[in-house]
Structure formats: structure tokens, C-alpha cells
Amino acid sequence: MGEQRVSALNDEKKMQKFVRALLADVQAMEYMLEHEWFESGTIRIGAEQEMVMVNKQTQKPACVAMEALKKMKDYDWVETELAKFNLETNLTPREFVGSCFSELEKENSMKLEKIQEVLDTMDTDLVLTGILPTLKKRDLIMDNLTPKKRYFALMEAINQQLIGNSYELKLSGIDELALKHDSPLLEAVNTSFQIHLQIEPKDFVKMYNIAQAITGPVMAISANSPLVFGKRLWHESRIAMFQQALDTRSSHDHMRERSARVSFGRDWLHQSIMEIYKEDIARFRVLLSSDVKEDSLACIKKGETPKLRSLQVHNSTVYRWNRPCYGISENGKPHLRIENRVIAAGPTVIDEVASACFWLGLMEGMALRTDDITKHISFADARDNFAKAAQFGIDSKFNWFNDEKIPAAQLIKEKLIPIAREGLEYRKVDRADIDRYLGVIEERTDKHMNGARWMLRGYSDLKKTIGEDEALRVLTAEIVHNQKKNIPVHNWPAPDPSRLKQYKISEMLVSDFMATDIFTVQKNDIIQLVAELMDWNKIKYTPVEDSKGKLIGLVSARLILRELTRNSSSRSTRTAENIMVTDLITVTEETTIKEAIKLMREHNIGCLPVVVNGDDLVGLITENDFIRISRRLIERMD
0 MGEQRVSALN DEKKMQKFVR ALLADVQAME YMLEHEWFES GTIRIGAEQE
50 MVMVNKQTQK PACVAMEALK KMKDYDWVET ELAKFNLETN LTPREFVGSC
100 FSELEKENSM KLEKIQEVLD TMDTDLVLTG ILPTLKKRDL IMDNLTPKKR
150 YFALMEAINQ QLIGNSYELK LSGIDELALK HDSPLLEAVN TSFQIHLQIE
200 PKDFVKMYNI AQAITGPVMA ISANSPLVFG KRLWHESRIA MFQQALDTRS
250 SHDHMRERSA RVSFGRDWLH QSIMEIYKED IARFRVLLSS DVKEDSLACI
300 KKGETPKLRS LQVHNSTVYR WNRPCYGISE NGKPHLRIEN RVIAAGPTVI
350 DEVASACFWL GLMEGMALRT DDITKHISFA DARDNFAKAA QFGIDSKFNW
400 FNDEKIPAAQ LIKEKLIPIA REGLEYRKVD RADIDRYLGV IEERTDKHMN
450 GARWMLRGYS DLKKTIGEDE ALRVLTAEIV HNQKKNIPVH NWPAPDPSRL
500 KQYKISEMLV SDFMATDIFT VQKNDIIQLV AELMDWNKIK YTPVEDSKGK
550 LIGLVSARLI LRELTRNSSS RSTRTAENIM VTDLITVTEE TTIKEAIKLM
600 REHNIGCLPV VVNGDDLVGL ITENDFIRIS RRLIERMD
């Protein structure tokens, strides 16, 4: 779950002290590797489960983490995450053998059920999903940061590294997202099911390279985060969201390369795990410090295993998708792990365990088949496969061994599942577990269906008949319903709008319903152009902007009709400026629908421009939107 006893580096001496401890940890680890201090002969697996909490009535984020944890004070396996609407559980490390996967599923389900029992008393549901469909940008304000020293320190430290003025999100899929945000709390949109595999030190280079090579196919079959703020983007949008949320770089007019703190990597591993630690220290400035009282080199001299807390703190602020980890086993011996961070939370516990089983089996199976995977696939192809899988999921086409071009589903079913089965059998995993979980992966490929495709298909169909906000809430309600039944996602029916029992529109905000794809004109556009534009697009209202996108007026169909009727002889010379309304009634994204309706009624108007910063136009809400809302309410009453 990460080292909690950390703080921001606020002075030079404190930073220098921490860096000295960090370099000492590097020396200590090198000594332990060279002198074979590390545990061997036992291979364990582990996992961490992240989740989102939503209000049962609205399906919107429920910022109740601190209150919930007070009620779960006896549960030492549940902890906070970055935002108040997130929680995380730590699952028991267990030997990679026998019924380890069914035990993992049982434990995870049990812990989630215990959390849900507490959340039921708070009118809250937990949701396992890579990115919550109903999450909005307004949920990512600093007020929703979990009030713990570590998180405040992390936000402060990342902001200090920011070169530009804001964090920028730019992502394209079926839809497009382009926005700015004032804090790295954007990271909180992502939730995952993180898998740990203990690795023998002598095998670390080989196994880490295998992990990199198979990341693309594993992510493709398990993708589960295609929706961000109501936009249909990448099948695994977490990848781009995480990188951009913590990206402190800015565009320059030169070609100097700057590395992102969130990355796949730049090359294969060649000699040792230390290559990763040293590169991360060399490329990325220290963000956090810890009050380290341990002298790791002194521990080495006394024959004691050091905790290497400084190294672990720095490692926790550099986000590789396959992250190396150092730990100490219960027997007091140090061990190494690879943490797989690409598998999204959900759609169900069985889906998560199936994805974990596939990855772990593939790691072992590939190790049996090849001593050096880098001889069969280039690093460029492995990284390209990673990028393709993030964008297209199960629809990807990969560059595989010996430059073979192969669709993801075919590669997984025909080649990778048999390798994973071989690896699981080598680890003496129970045949019932192998059949159960690899069977889920095989059925996903047969039906060409994972969480991302289910959401994209369902959301697109819902939007044909209901509004965006309602569609997202229906989708979330269906996810919760199917998760509680632990139905694998490839067997989920299409989303059913009737699953949403309550829909109180009066509590909703303008941002939930406003149109953002709007047509605008400028004040010097001739009236004939304005009239044609409105006729072509069947709209009654057209905002007038200046060259900077500032709202300066509004033209309505009624004003156009009056102008063309009264001044037909001067059509060619008069412009939008001559007829536009400038004394405008506007609202913000946070205005409630109830308040918007009241304003329109009081002022006898049919349109409200939506602005930020006083005059930056971001949307439009009209009487037609309220007619649509009313129609849905009547249908629900029926």
C-alpha cells in the first residue's frame, strides 16, 4: 500500500540527508545481491485491490472513506487511497501452488463483502472498475484528497516539479477529451488490481523482460476503463490518464527528451534489477522523504536485513507498469517481486483472478520455453504492443515473435493460453483452478468481450435513447448488480435502463445535461450565414464569441426571423452584432437543474449559456434539454 510515513522535501539539508540514505540503500542492496542474502526456493503471489465508492441512489462518487474506515477499525487489511471516494485492500501473500487462485478469489470476495456490509449502513456501494463511469472532473478537487500527510506531501511535491501552468489531458478514441486541470489528483480516477510475483534474484532479468513482453496481450484481454468523463476513449484509458495526470513536463521549442514518471520503460533489462533503481534515481528527482533512522550499511555490517525505506519511498514515486519491489519475508529474509500494475479493477472478482492467473501462468510458461525473450521480440515491438493494447484492447493487432502480425484474440487463444497452462501445471496449481480461470480468459476471446467492450457497446446503445448522465448512471448500476453476482463480464447482458430505480433530476447539475458540441458565430458574421447555420443544424440558439472564445452575445431563431422579415433589403450588410442579445443570463457548470429551470421561467428565456471564469463559453442548455428530461421522467413514471 506504500510507505505512509513520508513528507515533502521543504529544505535543502533535509533533501541531502535523504539522498545520502537513498544512495546507502543502493549500496546495501548491491551487497545483498552479490552475497546472496535473498530468499530462494519459495515463490509467492500477492495482490492489492483498489475500489471506488458510490452513493446507492445517484451512482456518483461517495467521499466517505474516512468515515467508513472508522467503522472498519478492526480490519487491518483495508486502507485509504488518494481520494476520499477510494479504498484499497491488501490480500494475503500465498505460495504459487495448489488452490492459490481459488483461495485468492475467496479471500478477496470475503473482504469486499465485509466492506460492503459497512457501506450498506452509509447508503454506499463499492464498485470494481478501472475508471468509474459517473466520475466527473468536478469530483477531482483538492477538497476530495484523502486527509493524510503522505497524499498532501505527494501533491505538493509533484506540483513543485510542474514546468507548465497546468496538467493537460489529451486523449482520442470514439470521442475526444482535451482539458486542463490544476492538480495531479486526476490520478485518483484510476483503480487497479495489482498482482505481485516473487522472483528469484538470479532470474530477475529474465523474468522482468518476460513481464514487459507479455504486458500488451494481458492488458488487451483484461481492459476495463474505456469511459472518462462521459467520453469513449481508449479501451484501457487508465494508461494515458495515469501518465498525463502526473506529467510535469511541458512543450518546448527544442528536442531535449524528458522522461515521464509513469512509463513502460526505455529498454530491456540487461544485468540486474539495480539498473532500474539507478535509472530512476538518475532520471527523477526525489519527491518525498521519510524520517529514516535506519543506517542500512550499518545493518549490513551487523548481518541484519535492512528495510531500505529510502529506496522504497523513491520507488513509490516512479510509476513503472511493471514495477520492481523489495520486501522482507516473515522469515526475516529479503525478497524481490515484480508488481504488475496494468490490470484494471473489475469487472468482477472472478474476472480479476482470471486475469491474474493468465499473467502468472504466462510468466512461468514463457520462462520454461525461452531463456531470453529479447531474442524473439524487440523492445520497440513490446512497447508498441503495450500502446496498442491500451488504445484498442481486445481489438488490437500485435507484432509478435519473429515479426509475426497477429490479432490479439487469436494470439491469446492459440498461443498464450497453452503457454500459461503449461506454466501453471509446472507450478503444480490445481487443475480445477487452471480450468476455471483460464476458461474465463478463453471464453472472453471466443465471445470477443471484456469489460471495455461491454461498456463501450452498452453506453453507445444507451445514448441512442437516453441522455448522457442517465446512461452513465445506468451503466454503473448494472456494473454493481453484476459484480455482486460475480458473473464474468463476457456473460453480462446488455445494460437495462430499468436497473436504475431512482433518478432525481432536480439534484443534478447543469454540467450533467448541457450540450458541449455547440455551433458558434462571431459578431461580424453576416446574418444570412447565421441563419443557414441554424437551419442546417436544426438549432434555435447560437452563441456569439470573440476570437478568444469569450461569450459576447446570443442570437435566437426568433431574432433571425424578425430581422429577415423587417430588413430584407439589407441582408447582405447586417451582421450578428446588429441583432444579438448582449444582456445575457448565464449559469455555471455547478448550477443545479432546478435553479436553471427557475431562471428560464423568471426571465422568460429558452436558453442558458454555461460559462466559467465569467465569460468562457463551455456549453449550452436549452428548453429542448428540459423537454427531453421531462420525457424520460414520464417514461419512468409509466
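Going by numbering that gives the first Met the number 0, the residue at position 525 of the sequence shown is 524; the numbering climbs one at a time, nothing skipped. Backbone N, C-alpha and C define an ideal beta-carbon position, used for all residues, glycine too. All values reported here derive from a predicted model rather than from experimental measurement.
Sort the options by Cα distance to residue i and report the nearest one.
i      : options                           : result
Gly618 : Asp511, Leu558 and Ile604         : Asp511
Ile604 : Arg630, Lys539, Glu544 and Ile114 : Lys539
Ala431 : Lys396, Cys356, Pro496 and Thr444 : Cys356
Phe518 : Phe37, Asn107 and Leu550          : Leu550
Ala210 : Glu351, Gly450, Trp320 and Gly129 : Trp320
Ile372 : Leu296, Asp294, Ala297 and Tyr207 : Tyr207
Ser171 : Leu226, Ile157 and Arg149         : Leu226
Trp453 : Asn223, Glu35 and Lys105          : Asn223
Ala556 : Phe37, Asn536 and Lys301          : Asn536
Gly40  : Lys72, Asp73 and Gln197           : Gln197
Phe391 : Glu589, Met448 and Ile440         : Met448
Glu199 : Glu363, Ile626 and Lys148         : Glu363
Ile559 : Ala530, Lys13 and Thr585          : Ala530
Leu232 : Leu410, Leu455, Gly345 and Thr515 : Leu455
Leu22  : Val439, His313, Arg149 and Gln527 : His313
Lys414 : Met365, Asp429, Leu134 and Ser459 : Met365
Val509 : Asn384, Gln58, Cys606 and Gln409  : Cys606
Ala572 : Arg561, Ile526 and Asp614         : Residue 572 is actually Thr in this sequence, not Ala. Of Arg561, Ile526 and Asp614, the residue nearest in Cα terms is Ile526.
Gly326 : Glu94, Tyr150, Ala476 and His195  : His195
Val291 : Glu106, Asn384, Lys300 and Arg308 : Arg308
Asp75  : Ala67, Asn89, Val63 and Thr621    : Asn89
Glu338 : Val348, Lys332 and Pro323         : Pro323
Val63  : Leu287, Pro216, Pro417 and Glu80  : Glu80
Arg565 : Lys69, Thr91 and Ile578           : Ile578
Buried or exposed for residue i, going by 16 or more other Cβ atoms inside 10 Å?
i      : result
Leu125 : buried
Tyr425 : exposed
Lys110 : buried
Lys205 : buried
Asp624 : buried
Met254 : Because the pLDDT of Met254 is 43, which lies under 50, any placement of that residue in the model is unreliable, and the number read from its coordinates should be weighed accordingly. Burial call: exposed.
Pro492 : exposed
Ser629 : exposed
Ser289 : buried
Gln243 : buried
Met533 : buried
Ile114 : buried
Ile213 : buried
Ser249 : Residue confidence is low: Ser249 scores 49 on pLDDT, short of 50, so the model does not pin down where it sits. No coordinate-derived value is stated.
Ile626 : exposed
Val77  : buried
Val317 : buried
His34  : exposed
Asn330 : exposed
Report yes if the CB atom of residue i is closer than 8 angstroms to the CB atom of residue j, and no otherwise.
i      : j      : result
Ala177 : Leu168 : yes
Ala82  : Leu144 : yes
Val25  : Lys201 : no
Arg382 : Phe241 : no
Ile238 : Ala389 : yes
Gln160 : Arg336 : no
Gly340 : Ser191 : It is Arg, not Gly, that sits at residue 340 in the sequence shown. Contact flag set, yes.
Asn401 : His375 : yes
Met65  : Leu118 : no
Ile440 : Pro346 : no
Leu423 : Ile411 : no
Leu616 : Glu544 : yes
Leu499 : Val473 : yes
Glu104 : Val428 : no
Pro60  : Leu127 : no
Ala344 : Gln48  : yes
How would you write the range of the beta strand (DSSP E) that residue i sits in, first residue to last?
i      : result
Thr369 : Taken as a continuous stretch (DSSP letters only), Thr369 belongs to no beta strand (DSSP E), as it is neither H nor E.
Gly326 : Asn321 to Ile327
His313 : Looking at the DSSP string, His313 is not in any beta strand (DSSP E); the run it does join, the alpha helix (DSSP H), is Arg308 to Asn314.
Taking 8 angstroms as the CB-CB cut-off, is residue i touching chain C?
i      : result
Met513 : Included in the structure is just one protein chain, with no chain C present.
Could you spell out where the alpha helix (DSSP H) holding residue i opens and where it closes?
i      : result
Gly640 : This structure leaves residue 640 out entirely; the chain is present only between 0 and 637.
Val672 : Lying before the first or after the last residue shown, residue 672 is absent from the chain, which here runs from 0 to 637.
Tyr150 : Lys148 to Gln160
Ala212 : Phe203 to Ser221
Leu295 : The residue you asked about is not Leu; residue 295 is Ser in the sequence shown. Unbroken alpha helix (DSSP H) run through Ser295: Ser295 to Lys300.
Ala64  : Ala64 to Lys70
Inside the region 534 to 605 only - alpha helix (DSSP H) runs reaching at least 4 residues
The region 534 to 605 contains these whole alpha helix (DSSP H) runs: 556 to 565, 575 to 578 and 592 to 602.
Taking only runs that begin and end inside the region 341 to 417, name each unbroken alpha helix (DSSP H) of 4 or more residues, in chain order.
The alpha helix (DSSP H) runs of length 4 or more contained entirely in the region 341 to 417 are, from start to end of the chain, 348 to 368, 378 to 391 and 407 to 410.
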